[in-house]
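Q: Read left to right, the sequence shown gives residues 1 to 259 (this note's numbering). By construction, the Cβ of each residue, glycine as well, lies at the ideal position given by its N, Cα and C atoms.
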Amino acid sequence: MFVVIKDTYEQMSAEASKILAHRIRTKPDIVLGLATGSTPLALYKLLINMHKKEGLDFSKVTTFNLDEYVGLPPTHDQSYNYFMWENLFKHINISPENVHIPMGTSDDIERFCEWYEAKIEEKGGIDIQLLGIGANGHIAFNEPGSSLGSRTRIKTLTEKTIEDNSRFFDNIKDVPVHAITMGVGTIMEARELLLVANGEGKANAIKNTIEGPISTNCPASVLQLHPRARIIVDKPAGAKLEGTYRHIPFKYTSSHFED
Ligand code: PGA
C-alpha cells in the first residue's frame, strides 16, 4: 500500500484529483468507481475545474457508484444519485448512459444487484475505485462484520453510520436503515484502489486499516491484500499511524500502478 499523508484536506484532495485526472488522460475510456460523502467533495470540485479549464474529457468515461440508500428515489436530495449529479456529473461532459448508480427504489433488489455486478463485468471491470472510509472502518456500506468476499447486495446500516449520516437529514428517523452496496469482494476486483480520509474522526479507522490485522471488524483493512492500493489522508486522519510514511513523488509511483 502506498500511504500518503498530506498536511491539509485541500492537499489530500489535490493529490487524489491529480491521480484520477492522470488515469483519465492515460485511458480516456476508463471505468471509474466513485464514492459519495463529504470527503470527496473538494476533489470532485478540482476535477470539475480541470474539465472546465484544462479540457479534462469525460465523454468516454464510464462510472459505477459504490452505493445508494434503499427507498430513496434518485430525485431525493439525500440520495447518492442526486449527490453525484449535483456535485460532479452535471458539471462535466459525461454521457448519462455511462453513469451507473445503484437504484434504491428497485422492486427486486436481488436481481438489481446481480445486474449491477454483470454490468461492471460487461464494461471490463473497474480500473480505479475511489473510496471513503467510515469512522467504523466501513468501505461503501460494508459495515464491520461484512464478508470480505461479499458482492453487491442489500446491507443494514449500523447505528454508528445512521448517527454519522443523520447530519444530512432533518431528523435521524429519516435516515434509511438499508442500502445497496458493492461488496468488499466487488471493490477488491478493481484494478486500483484510491482511499481518501480526513479529520481526526477517521484516525482510528485509518490506523486499523493500515496497521491493524486484516479483519471484518475493519472492512477497509482488506486493502492490505490489494496490489495497487493507495491511501491518502490529511494529518489529523493519519495522526495515530506509527509507521514511517515518507512522501514518494507521484512520478516514481505512477508507472508502478500501470498494468
Ligand atoms: P464521509 O463518509 O466522507 O462523509 O466521511 C465516508 C464513508 O462513510 O464512507
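1. Give me the DSSP bridge partner(s) of GLY33.
2. With DSSP as the reference, identify every bridge partner of PHE2, one or two as the case may be.
3. Below 8 Å on the Cβ atoms is my guess for ARG230 versus PHE2; work out the distance and round it to an integer in Å.
4. Ignore the nearest five residues each way along the sequence and tell me which others in THR158's own chain have a CB closer than 6 Å to its CB.
5. Let me know if PHE58 comes out buried or exposed under the rule of 16 or more other beta-carbons within 10 Å of its beta-carbon.
6. Please go through the same chain and pick out, in chain order, the residues whose beta-carbon is closer than 8 Å to the beta-carbon of THR156, but skip the five residues on each side of it.
7. Using the Cβ count rule (16 or more neighbours within 10 Å means buried), how would you classify ASP259?
8. Cβ of HIS178 versus every heavy atom of the ligand PGA: is any distance shorter than 7 Å?
9. Contact between the region 199-209 and the region 237-256: three or more CB pairs below 8 Å?
10. Assign ASP127 to buried or exposed, taking buried as 16 or more other Cβ atoms, counted over all protein chains shown, within 10 Å of its Cβ.
11. Rank GLU192, LYS6 and GLY37 by C-alpha distance to the C-alpha of GLY125 and give the top, closest one.
12. Between the beta-carbon of LEU34 and the beta-carbon of THR63, is there less than 8 Å?
13. Whole-angstrom Cβ separation of VAL222 and MET188, contact assumed at under 8 Å?
14. Which same chain residues end up closer than 8 Å to SER146 when comparing Cβ atoms and leaving out the 5 residues on each side of it in sequence?
15. Is DSSP giving LEU194 helix, strand or coil here?
16. Measure the Cβ-Cβ separation of LEU130 and LEU225 and say whether it is below 8 Å.
17. Can you have a look at GLU122 and say buried or exposed, based on whether 16 or more other CB atoms are within 10 angstroms of its CB?
18. Grab me the residues of HIS330's own chain with a C-beta within less than 7 Å of its C-beta, minus the 5 sequence neighbours each way, in chain order.
19. Please return the same chain residues whose Cβ sits closer than 8 Å to the Cβ of TYR245, not counting the five positions on each side in sequence.
20. Any heavy atom of the ligand PGA inside 7 Å of the beta-carbon of THR39?
21. Below 7 Å, is the gap between the Cβ of ILE30 and the nearest heavy atom of the ligand PGA?
22. At a cut-off of 7 Å, would you count LYS232 as near the ligand PGA, judging by its Cβ distance to the nearest heavy atom?
23. Using the rule of at least 16 other Cβ atoms within 10 Å of the residue's Cβ for burial, across every protein chain shown, is PHE141 buried or exposed?
24. In the DSSP output, which residue or residues are listed as bridge partners for ARG153?
25. Who are the Cβ neighbours of PRO236 in its own chain at under 6 Å, not counting the five residues just before and after it?
26. Taking DSSP's pairing of strands, which residues face PRO218 in a bridge?
A: In this structure, then:
1. PHE64 and GLN129
2. ARG230
3. 4 Å
4. GLU143
5. buried
6. GLU143, VAL177 and HIS178
7. Bear in mind that a pLDDT of 35 at ASP259, under 50, signals an unreliable position, so the model cannot answer this.
8. no
9. yes
10. buried
11. GLU192
12. yes
13. 6 Å
14. HIS138, LYS155, GLY183, VAL184, THR216 and PRO219
15. strand
16. no
17. exposed
18. A question about residue 330 goes unanswered here, because the residues of the chain that appear run from 1 up to 259.
19. VAL3, VAL4, ILE5 and GLY238
20. yes
21. no
22. Correcting the residue type first, residue 232 is Ile in the shown sequence and not Lys. No, since every heavy atom of the ligand PGA falls outside the 7 Å radius drawn around the Cβ of ILE232.
23. buried
24. THR181
25. GLY199 and GLU200
26. With the sequence shown as reference, residue 218 is identified as Cys, and Pro is not the correct amino acid for it. According to DSSP, which records beta bridges pairwise, CYS218 is partnered with SER215.
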